[in-house]
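In case it helps, the working numbering puts the sequence shown at residues 81 to 350.
A short write-up of the structure that comes next.
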Amino acid sequence: MHIIKTLEDLASFNQTQIHTGQEISFVPTMGALHEGHLSLVHEALKHTTTAIVSIFINPTQFAPGEDLDSYPRTLDEDIKKLKSVGAHAIWLPSIDDIYPNGQKIDTHVSDISEPLEGKYRPHFFDGVATVVARLFNEVKPNKAYFGEKDFQQLQVIKKMVSDLNMPIDIIGVPTIRDENGLALSSRNSYLSKEEYNIAIYLNEILRELAHGEITEEEANKKLLEKGFDKVDYCTIRSSKTLTKNGNLDRVLAAVWLGNTRLIDNMPIFV
Ligand code: AMP
81 MHIIKTLEDL
91 ASFNQTQIHT
101 GQEISFVPTM
111 GALHEGHLSL
121 VHEALKHTTT
131 AIVSIFINPT
141 QFAPGEDLDS
151 YPRTLDEDIK
161 KLKSVGAHAI
171 WLPSIDDIYP
181 NGQKIDTHVS
191 DISEPLEGKY
201 RPHFFDGVAT
211 VVARLFNEVK
221 PNKAYFGEKD
231 FQQLQVIKKM
241 VSDLNMPIDI
251 IGVPTIRDEN
261 GLALSSRNSY
271 LSKEEYNIAI
281 YLNEILRELA
291 HGEITEEEAN
301 KKLLEKGFDK
311 VDYCTIRSSK
321 TLTKNGNLDR
331 VLAAVWLGNT
341 RLIDNMPIFV
C-alpha cells in the first residue's frame with residue numbers, strides 16, 4: 081500500500097493508474113477508522129481496480145467549541161486496517177495541500193444543506209463541500225464512496241457533483257452497526273459505559289418510528305425518557321429534499337449524550 085504524503089506523489093501515483101487503465105475509487109475519511117469506513121473500501125474494491133483512501137481532519141467543518149482538537153487520531157492502526165482490506169493507497173494531505181492560501185474559497189450547496197444538520201451546524205456542509213471538492217480535484221476519481229450513516233452529507237455531495245458537472249459517480253453505502261445496533265462512529269469512543277447503554281436506544285427508537293409503531297412526537301419523547309440529554313431532531317423526511325415535502329421515506333435523528341452528538345437514520349419500512 082502506498083502512503084502518499086505530497087501532492088506530487090499523489091499526481092504521480094494517479095498518472096501510473098491512468099496510464100495502466102485502472103479505474104480509481106476514492107474514500108475520503110477523517111481517520112479513526114472502523115468497520116464502517118472499511119465497508120466503503122470493500123465496496124470500492126468490488127467495483128474498481130484502485131482504491132485510494134484519504135485521512136484528513138478538516139478544520140473548516142468544525143465550529144469553534146466543537147471537538148477538532150480532541151477528535152480521535154489513530155494513524156498507525158488506520159494504516160494497518162487499510163492494508164488488511166487491500167486499499168492501494170492512503171493519502172495524508174497537509175492543511176497547506178488542501179488550503180494553500182488559507183481558506184479563501186467556500187463551496188456552498190444550497191437547499192439540501194439547509195435543513196436538519198444545516199440548521200444545527202450551519203458551518204458544517206460548507207466545510208464538507210469545500211474539502212470534498214478540493215480532494216476530488218487532486219484525486220480525480222472515477223467513483224467516490226460515502227456512508228449512508230451521514231445521509232444528508234451524501235445528498236449534499238451528490239448535489240454538488242451534479243451542479244458542478246464533475247465526472248464522478250457518488251455511491252452511498254449502507255450503515256454498519258455494532259452488535260447492539262449502534263451505528264459505528266469515530267465519536268462513539270467519547271461515550272462512557274453509561275452513555276453507551278443509552279446510545280443503543282437510538283437505533284431501537286428510530287426503528288419503531290420507521291415501522292410506524294410510534295409517531296414522531298412519541299419518538300422525541302421516548303428519546304428523552306431513555307436518557308438522551310437533548311434531541312436536535314428526530315423526524316420523518318423526504319430522502320430527496322430532506323424536507324416534509326414529497327415522499328416521506330426516511331427517518332433521521334441527531335441527539336446528545338453529554339458533550340457527544342450522535343446522528344443516525346434509516347429508510348421507512350413499509
Ligand atoms: P468520517 O471519517 O466520519 O468523515 O467518515 C468517512 C466516511 O465514512 C463518510 O462517508 C461516512 O459516512 C462513512 N461512515 C462513517 N461511519 C459509517 C458507518 N457506521 N457505516 C458506513 N459508513 C460510515
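For glycine and all other residues, C-beta sits at the position ideal for the given N, C-alpha and C.
These numbers were taken from a predicted model, which means no experiment stands behind them.
How about residue i: is its Cβ closer than 8 Å to a heavy atom in the ligand AMP?
| i | result |
| --- | --- |
| E146 | no |
| K229 | yes |
| R287 | no |
| A279 | no |
| R257 | yes |
| A334 | no |
| L240 | Position check: residue 240 holds Met in this sequence, whereas Leu was assumed. Incorrect: M240 has no Cβ contact closer than 8 Å to the ligand AMP. |
| A112 | yes |
| P180 | no |
| F93 | no |
| V189 | no |
| Q235 | no |
| A124 | no |
| L215 | no |
| F226 | yes |
| P247 | no |
| S265 | yes |
| V253 | yes |
| V107 | yes |
| G207 | no |
| G198 | no |
| G116 | yes |
Just the Cα atoms here: how many angstroms apart are residue i and residue j?
| i | j | result |
| --- | --- | --- |
| N339 | K184 | 31 Å |
| L264 | M81 | 25 Å |
| L87 | V211 | 15 Å |
| I343 | I135 | 21 Å |
| H99 | S92 | 11 Å |
| K44 | L90 | It is not possible to answer for residue 44, since the shown part of the chain is limited to 81 through 350. |
| A334 | R201 | 11 Å |
| R214 | E305 | 43 Å |
| I316 | D243 | 26 Å |
| K239 | I192 | 8 Å |
| R341 | N245 | 33 Å |
| E194 | K320 | 13 Å |
| E115 | T323 | 30 Å |
| Q95 | K199 | 41 Å |
| L120 | E293 | 32 Å |
| I84 | L118 | 19 Å |
| E284 | E274 | 17 Å |
| N327 | V236 | 18 Å |
| E146 | V165 | 31 Å |
| W171 | K161 | 14 Å |
| L289 | V208 | 29 Å |
| S266 | Q97 | 31 Å |
| R330 | L303 | 18 Å |
| L196 | S190 | 13 Å |
DSSP three-state call for residue i: helix, strand or coil?
| i | result |
| --- | --- |
| V350 | coil |
| F226 | strand |
| Y151 | coil |
| K310 | strand |
| I185 | coil |
| G261 | coil |
| R287 | helix |
| S134 | strand |
| F142 | coil |
| L118 | helix |
| I294 | coil |
| R267 | helix |
| A167 | coil |
| S190 | coil |
| A112 | coil |
| S272 | coil |
May I ask you to check if the CB of residue i is nearer than 8 Å to at least one heavy atom of the ligand HEM?
| i | result |
| --- | --- |
| S119 | Annotation note on the ligand HEM: not contained in the displayed structure, which lists the ligand AMP as its ligands. |
State whether the segment 250-258 contacts the segment 153-163, with contact taken as three or more CB pairs (one from each stretch) at a distance under 8 Å. With a cut-off of 8 Å, the segment 153-163 and the segment 250-258 do not count as touching, because too few Cβ pairs lie within range.
Indicate whether the contact test is met: 3 or more Cβ pairs, each with one atom in the segment 265-272 and one in the segment 290-300, closer than 8 Å. Under the Cβ criterion (8 Å, minimum of three pairs), the segment 265-272 does not count as touching the segment 290-300.
Please determine if the segment 103-111 and the segment 217-237 are in contact, where contact requires at least 3 C-beta pairs separated by less than 8 Å. Yes, they touch.
Would you call the segment 170-187 in contact with the segment 131-150, where contact means no fewer than 3 C-beta pairs closer than 8 Å? In short, these stretches touch, since the Cβ pair count reaches three.
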